[in-house]
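Quick note, the sequence shown lines up with residues 26 to 141 if you use the working numbering.
Glycine residues also receive a C-beta, built at the ideal position from the N, C-alpha and C atoms.
Working notes, beginning with the structure itself.
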Amino acid sequence: MKIKRMKLPLMLGVVLMFSMLAACGADDIKHEKSAHWDVSLQRSTGSYGIVYIGDESKVKDFVYNIKGTNIERQGRALAEQQTPVTESGTLNPVDSKDPVTFNISWNDKSESVTFE
């Protein structure tokens, strides 16, 4: 009977600790917006997302460059795309002190988003 009484608090403790650890990683996802783009970056994992939030129905010549200390990534769409346009990927984990800049161009326009 003593063993069953000890199992319940132990199981509750393990579940609580797992929940806290899982929630910790979600807190470092940051969003920055420009006039036409919503960009997210999770520094601990290097995951990023780029979403078009503008009012154009098509995006052509979509190109993005990501630059930071020890980071350089480029990407492009090969064809014209209907909106919403989304792009995602993973960089190496990013030091929280280093700025990361996303330069995005499309439809003969360009914008930048920087995570400080």
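Look at L116 here: in three-state DSSP terms it is coil, with no helix or strand label. Under the criterion of beta carbons closer than 8 Å, I54 and Q67 qualify as touching, at roughly 5 Å.
The C-alpha of V138 is placed about 17 Å away from the C-alpha of R101. Rounded to whole angstroms, Q106 and L116 show a C-alpha spacing of 24 Å. C-alpha of W131 to C-alpha of R98: approximately 17 Å in a straight line. Counting the other Cβ atoms within 10 Å of the Cβ of I91 gives 16 or more, which makes it buried.
A Cβ-Cβ contact shorter than 9 Å links I78 with P109. When only Cα atoms are considered, K134 and S69 end up about 31 Å apart. Residue range 54-58 is occupied by the beta strand (DSSP E) that includes H56.
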